[in-house]
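A.B. asks: Residue numbers (the UniProt record's numbering): 1 to 718.
No residue lacks a Cβ here, since even glycine has one placed at the ideal position from N, Cα and C.
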Amino acid sequence: MDEYNPLKTKNKYLNTSTAVDDAEMNICRIVVVASLLAAARAGAEEPVFELPDLVVQSRGLDAARNAIAPSLGASRYEIDRETIQKLPQGESARLTDVLLQAPGVVQEAFGDLHVRGDHRNLQYRVNGVLLPEAISGFNQLFDARALRSVSLITGALPAQFGYRTAGVVDMQLRSGREEPGGSLGVYGGSFGTIQPGASYGGSAGPVEYFGSLSGLRSDRGFENPTPGPDGIHNRTNQIRGLVHTAMPVGDRSRISLIAGSMLSTYQVPNTPGLRPGFTAYGQSGFDSAGLRARQVQRNSFAILAGQHSLGDADLQLSAFIRRSSIRYRPDGLGDLLFDGAASAVGRESLSYGTQGDAAWRLHPDHTLRGGFFLSQDTTRSVTDSTVLPLDPFGNAFDAPFNLRESGRVRQTLFGVYLQDEWRIAERLTLNAGGRFDTVSGIVEASQFSPRANLVWTPDEVTTIALGYARYFTPPPAELVGTIDIARYRGTTLQPATRQADPVQAERAHYLNLGIRRRVTESLTLGIEAYGRTVEDMQDLGQFGRAYVFSPYNYRRGRVFGTELTADWRQGPWRLYGNLSISRSEGRGLVSNQYFWSPAELAQIGRKWVRTDHDQLLTGSAGGAYEAWQGGTVSASMVYGSGMRKGFANSEVMTPYVTVNLGLSQRLTLPDGGDWTLRFDVLNLFDRAYQLRDGTGIGVGAPQYGMRRGFFAGLSRAI
């Protein structure tokens, strides 16, 4: 399945790429011819539009790059720049907010996402190059300002997509040559929010460039642990930037550089009215509203890519580096009095590697694709914990002391793939192949993974896709820490379960069936069903006050669900809606068992339990209406039936729905500049809803969604 945009309907499943570069060139030629005809009709002496040769070349190379790794047979939900700008928040939206409008995406705290019953396990690609996931995820590194489009690819993925397989977040960056100029503006409002931003692109001779820079100051960093609109001690300051440059080398080659960085500081929010449970340094009283814990997150990456076209073959070779770190600083005395321990946590991950991909149009009915991926990830962790000793009866007494634990985890990934896109008949295409992957470091494992997708278009308005994929998911090295349980015996950090087996690689069988039909010229409907059986199913949890996830494995897992999609557009109206039904469950815990009590381990060992991120019903909807010249009214909605809570995830959270409204107006002011004014209301009905209540497997604290907020923005084209 492929290419589905809620506001611009395309064929969701079929994306055969044979001679796609020629097709892209033909599009450019059509635009030129159309402009010449328009000029002739207007009686103009010169054409009203002319497409420069460098733009034609750039588009041809973009098409060739996309042809190397198409998602034929998988489900691709695309949201382009026009859509992003029209929906509430516009280009000031986080990448997370944009992706929540895709089917099967469940909202989580910290800007995290669950896709089709998986926790994170997302693969990020920037202009076709894979980026290893950061410790805090990449959702906060990217905002919508720099994106030409973002697509979520799910289902039975073709062989070129390995490792993180719950979904592929495919980001295409804006082009300075095709979109010269930029904008400068500010956005803000409720919760002390101020968000300045700027972007600019252009070209200098053959070199094109584009850059964006934005900042954020808000009194709502993490999710509030209380239902009120304002959190206590919850300020955040963030800055992020991205730059993209590209230079053609001859007529069929290009060198590109992409780099981005983000720095975020957070206050950790407090819950008032809690009573300390321990005594330390002779003190047993502390106001929980006065805790002063903080966290700092840094993410940065760089990609150098070279692309070359050889007639019927297209190649891309890239090198990348990614650095990510988290530092959590506790309130030393306060954390000790409330939790019996105060732990300063530091984690830093460095990943670098290379990736090569190629496509060869061997025959009009066969396109071969192959490539490799090689990376190494080194993660260093340091934990300084102040703890209290326990007496023979298990009671803590006032004699605090320090324990320091540090370690390094190194993991190497290597994979190769080969596949054939075979056009069996005019309306039937088979995309079949396989990949072989190895992981060395945390565990030693390997697997050959066959993949196959069959796409049938019985008529011009119907597409049916059936896919199978074998998946191999190595442990998330950026999240794996070190632990020596014996060192914590007889202290307040002593775990109830004294077992910590290493995290294992996940192996899964995945089936996907989808049908999409254009019912009328305006309405398109789709239904998709998927199922996954898993060995050593990976999951993540927050254990402790630091906002850092830790991985673990269920011995067995199973996930299945159905997605319904609809979109409609006519004249100035564009509407869409998605509904997902999903179930994710696991049985038996086989790694990092010390996170749980013996009772939970026993319960999970003898019966299937829901994963903490399992949500039965998930919905999203929205649309835009061009009400007048330069003016757009828009709305978006997110619904969730609630994730899990309670002992062994045996209960469910309360359902919630949030509605956002937006209004934007383009206008020209006396200074001659093009301005855009927007006004947004988020959580229109001021629903106080909980994402988490602090119970369940791997849930660290209560987390409430954002209350109603009013925001406005003003930007000027430059």
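(1) Alpha carbon to alpha carbon, how far is residue 308 from residue 99? Give it in angstroms, no decimals.
(2) May I ask which residues mark the beginning and end of the alpha helix (DSSP H) holding residue 87?
(3) In terms of residues, what are the limits of the alpha helix (DSSP H) holding residue 605?
(4) Would you report the Cα separation of residue 330 and residue 543, rounded to the nearest angstrom?
(5) Measure from the C-beta of residue 360 to each C-beta in chain D and report whether the shortest distance is under 9 angstroms.
(6) Please name the residue, chosen from 477, 550, 452, 268, that lies closest to residue 509 on a Cα-to-Cα basis.
(7) Taking Cβ positions, are residue 564 and residue 525 nearer each other than 9 angstroms?
(8) Work out the CA separation of residue 699 and residue 596 for me, nearest whole Å.
(9) Would residue 395 and residue 136 be called neighbours here (beta carbons separated by less than 9 angstroms)?
(10) Can you have a look at residue 478 and say buried or exposed, based on whether 16 or more other CB atoms are within 10 angstroms of its CB?
(11) Please report the residue range of the alpha helix (DSSP H) in which residue 97 lies.
(12) Is the CB-CB distance between residue 193 and residue 225 below 9 angstroms?
(13) Determine the direct distance from the alpha carbon of residue 173 to that of residue 412, and round the result to whole angstroms.
(14) Grab the span of the alpha helix (DSSP H) containing residue 334 for me, first residue to last.
(15) Given residue 447, which residues of its chain have a CB within under 7 angstroms of its CB, disregarding the five upstream and five downstream residues?
(16) Nearest to residue 347 by alpha carbon, out of 516, 320, 384?
(17) Do you know how far the Cα of residue 116 is from the Cα of residue 540?
(18) Which same chain residues end up closer than 6 angstroms to residue 292 when comparing Cβ atoms and leaving out the 5 residues on each side of it in sequence?
(19) So what does residue 308 bridge to, in DSSP terms?
(20) Going straight from the alpha carbon of residue 132 to that of residue 693, what length do you get?
(21) To the nearest angstrom, report how far apart residue 660 and residue 681 are at their CA atoms.
(22) Could you give the residue range of the beta strand (DSSP E) that holds residue 510?
(23) Examine the Cβ distances between the stretch 117-128 and the stretch 423-442 and report whether three or more of them are shorter than 8 angstroms.
(24) Please return the same chain residues whose Cβ sits closer than 8 angstroms to the Cβ of residue 33, not counting the five positions on each side in sequence.
(25) To the nearest angstrom, report how far apart residue 108 and residue 310 are at their CA atoms.
(26) Given a threshold of 16 other Cβ atoms within 10 Å of its Cβ, counted over all protein chains shown, does residue 391 qualify as buried or as exposed?
(27) Which residues bound the beta strand (DSSP E) around residue 706?
(28) What three-state label does DSSP hand residue 677 in the structure shown?
(29) Going by the beta-carbon positions, is the gap between residue 631 and residue 663 smaller than 9 angstroms?
(30) Give the secondary structure of residue 591 by DSSP, where H, G and I count as helix, E and B as strand, and everything else as coil.
(31) Within 10 Å of its beta-carbon, does residue 281 have 16 or more other beta-carbons around it, so buried, or fewer, so exposed?
(32) Note down, in chain order, each residue of its chain lying with its Cβ closer than 7 angstroms to the Cβ of residue 604, except the 5 sequence neighbours on either side.
(33) Any chance you could list the alpha helix (DSSP H) runs of at least 4 consecutive residues sitting entirely within the stretch 384-422, in chain order?
(34) Who are residue 161's beta bridge partners in DSSP?
(35) Contact check, residue 516 vs residue 463 under 8 angstroms by CB: the rounded distance?
(36) Would you check if the distance between the CB atom of residue 591 and the CB atom of residue 503 is smaller than 9 angstroms?
C.D. replies: The short version:
(1) 32 angstroms
(2) Premise fails: residue 87 is in no alpha helix (DSSP H) and is neither H nor E.
(3) 598-606
(4) 14 angstroms
(5) In the structure shown, chain D cannot be found, because there is only a single protein chain.
(6) 452
(7) yes
(8) 11 angstroms
(9) no
(10) buried
(11) 95-99
(12) no
(13) 29 angstroms
(14) 332-339
(15) 437, 472, 507
(16) 384
(17) 15 angstroms
(18) 331
(19) 253, 315
(20) 31 angstroms
(21) 6 angstroms
(22) 506-518
(23) no
(24) Note that residue 33 scores a pLDDT of 41, beneath 50, so its modelled location is shaky and nothing firm can be said.
(25) 45 angstroms
(26) exposed
(27) Unbroken run through residue 706: none, as it is neither H nor E.
(28) strand
(29) yes
(30) coil
(31) exposed
(32) 587, 588, 589, 648
(33) none
(34) Note: residue 161 sits in no beta bridge, so no partner.
(35) 5 angstroms
(36) yes
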